[in-house]
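Residue numbers (the working numbering): 60 to 537. Ideal placement from N, C-alpha and C gives every residue a C-beta, glycine not left out. Please read all numbers here as calculations on a predicted model, not as lab measurements.
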Ligand code: ADP
Ligand code: ASP
Ligand code: MG
């Protein structure tokens, strides 16, 4: 817990849309200004402008295929997007020119990196991180100068100086001890001077100084990490919706904001596809006992969603249902290993999951097998060829002897997850879920319970994803 004597510290993270246009970034600056009036110490973390990370990674992928033809257009888009915001929010010409000069330098490194990738004909995970991290390295400069122009003394800091990670490029894991030491050493003096540090989300660096990223959507995680190590009193995630909602509002327009949600509920929701919070954000924040809030940059008066300890959320608010939210992960395949001879084969499951792990694939869901003669689990669709290959190799002998008849992957499916304390143990809830899916004529291919008492997941055909989410959402709002 933060020490009593240290001044209150607030960490605020702005997502890509929250800084993606002049209007949005002006709103973000206003939010920081108000926070500065109420909190002695404010630390800001920002994502790249919306669309930038995708553009960077798509350009690197084309370059790896030997196609550099779209690079000039990508270069122009990057320059123009940052320039438009700089022109409208940084009136001081010399400050604006200095920022655009630095951003121009980063855009040039992007072009050089992509050319190098196209010559090699390959983009290694390390090269992809060097490219992907450029988005935040650009936005952080723009936002710090914008804050300065709005009268908020600030300084940009690249998280390569703060967050030390392993070399698992594209999904790096922080070393919390080293990160604590470096973060405090770099940020506390700035905070003591009354400056607002503006820090790149999404990235870190190895001990040797190689740039890494924390995984797509990882700026939320950056906020969790930095909030925990400072330590902050609160972490607020500013995004483009009114907090955590009963479903993705893009899928279910009548979705409603949840005023509060427990740590374990949000963990299940985030793990099973709700993009609103990166699933890794939760653990450091819970362990450090820090308050977490999710709010809307475009509707800052709305209280958003408060994360609350698990015990508290068990007392539902008036009118709250057992089922709190429903979410979906798309583009999954169900892999089945089957054969009547499997009963006698030792360690099939252990060997199967070791084979899957050897491809670097994670398994979001393992289903209850209908008999002991098969094992069934889901994997991301794009991993299917590698996973099937690894399984066939591992079980080559059993397949040859027909102890295992078949290892196969389904067509694309989706995992639909219903989240809420007591979903599993409250009588009648499971019945309601399956009745509702039955009424909507949705075929459930597999079922799995979450690791805690907070969720139930069902696998449905890809084409029925939206229908299933909407049908189950009716159980919440009606
Ligand atoms: P940011 O760039 O701010 O990190 P993201 O796009 O990563 O924003 O996450 C916010 C988006 O998450 C929302 O626009 C919404 O479409 C989506 N989302 C998915 N599920 C939920 C949910 N249950 N509640 C709120 N938003 C959700
Ligand atoms: N810009 C990164 C991404 O798009 C990180 C983030 O936005 O959280 O994945
Ligand atoms: Mg996000």
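- Query: CA-CA distance, residue 351 and residue 461?
  - Reply: Between the C-alpha atoms of residue 351 and residue 461 there is a straight-line separation of about 53 Å.
Cβ-Cβ separation, residue 480 to residue 324 (assumed contact under 8 Å), whole Å | 7 Å
Exposed or buried, which one is residue 398 when buried takes at least 16 other CB atoms within 10 Å?
Burial is judged here by how many other beta carbons sit within 10 angstroms of a residue's own beta carbon; residue 398 has at least 16 and is buried.
inquiry  = Spatial neighbours of residue 228 within its chain, please: C-beta separation below 6 Å, excluding the five flanking residues on both sides.
reply    = 184, 185, 188 and 271
Open item on the list: DSSP has residue 150 in a bridge; who is on the other side?
Closed with: None; residue 150 has no bridge partner.
Subject >> residue 478 to residue 536 span [Cα, whole Å] >> reply: Distance between the alpha carbons of residue 478 and residue 536: 14 Å.
task = Compare the Cα-Cα distances from residue 155 to each of 358, 393 and 202 and report the closest residue.
result = Of the candidates 358, 393 and 202, the one whose C-alpha sits nearest the C-alpha of residue 155 is 202.
* Please work out which residues of its chain come closer than 6 Å, Cβ to Cβ, to residue 246, disregarding the five sequence neighbours upstream and downstream, and give them in chain order. => Listed in chain order, the non-local C-beta contacts of residue 246 below 6 Å within the same chain comprise 256, local neighbours out to five positions each way being set aside.
- request: Reducing DSSP to helix, strand and coil, say where residue 508 ends up.
  value: strand
- Is residue 200 buried or exposed, if buried means 16 or more other CB atoms sit within 10 Å of its CB? buried
ask   = When every heavy atom of the ligand MG is checked, does at least one fall within less than 7 Å of the C-beta of residue 286?
value = Not so, every heavy atom of the ligand MG lies at least 7 Å from the Cβ.
So, under 8 Å CB-CB, residue 437 and residue 476 are touching, yes? Tell me the CB distance rounded to an integer number of Å. Not confirmed; about 12 Å, so no contact.
- Pull up the distance between the alpha-carbon of residue 111 and that of residue 102, whole angstroms please. 23 Å
Next on the checklist: According to DSSP, is residue 144 part of a helix, a strand, or is it coil?
Outcome noted: helix
Query - Straight-line gap, residue 240 to residue 384 (C-alpha atoms, nearest Å) - result: 38 Å
| request: Starting from residue 397, trace the beta strand (DSSP E) both ways and give me its first and last residue. | output: 384-397
*What three-state label does DSSP hand residue 358 in the structure shown?*
coil
Check your understanding: Is DSSP giving residue 272 helix, strand or coil here?
Key -> strand
- Identified DSSP bridge partners for residue 215: 257
Q: Output the distance between the C-alpha atoms of residue 405 and residue 483, rounded to the nearest integer angstrom.
A: Using only the alpha carbons, I get a separation of about 32 Å.
task: Inspect the beta-carbon positions of residue 138 and residue 170 and report whether they are closer than 8 Å.
output: no
Residue 221 and residue 285 - do their beta-carbons sit closer together than 8 Å? yes
Burial state of residue 339, where buried means 16 or more other Cβ atoms lie within 10 Å: buried
| query | In its own chain, which residues sit with a C-beta less than 6 Å from the C-beta of residue 445, not counting the 5 before and 5 after it? | reply | 418
Worksheet item: What residue from 334, 142, 393 and 353 has the CA that sits closest to residue 319's CA?
Response: It is 353 whose Cα lies nearest to the Cα of residue 319.
- With distances taken Cα to Cα, identify the nearest neighbour of residue 472 among 504, 283 and 296. 504
Checklist entry - Where does residue 243 fall in DSSP's three states? => result helix
Considering only the beta carbon of each residue, do residue 119 and residue 178 sit closer than 8 Å?
no
* With 16 as the cutoff for other CB atoms within 10 Å, does residue 146 come out buried or exposed? -> exposed
- Task: Kindly indicate the opening and closing residues of the beta strand (DSSP E) around residue 293.
- Result: 293-298
According to DSSP, simplified to helix, strand and coil, what is residue 339?
Three-state result, residue 339: helix.
Taking a contact to mean a Cβ-Cβ separation below 8 Å, would you say residue 235 touches residue 288 in this structure? yes
_residue 281 and residue 218 - do their beta-carbons sit closer together than 8 Å?_
yes
Suppose the cutoff is 8 Å on Cβ atoms and the five residues either side in sequence are ignored; what does the same chain contact list for residue 62 look like? Confidence is the limiting factor: at residue 62 the pLDDT is only 48, short of 50, which leaves the residue's position unreliable, though a coordinate-based value still follows. Answer for residue 62: no residue qualifies.
- Task: Just tell me which of 215, 198 and 96 has its CA closest to the CA of residue 108.
- Result: 198
inquiry  = Tell me the DSSP secondary structure of residue 62 in three-state form.
reply    = Its pLDDT being 48, under 50, residue 62 is placed unreliably in this model, and the value from its coordinates should be taken loosely. In the structure shown, residue 62 sits in coil (DSSP, three-state: anything other than H, G, I, E or B).
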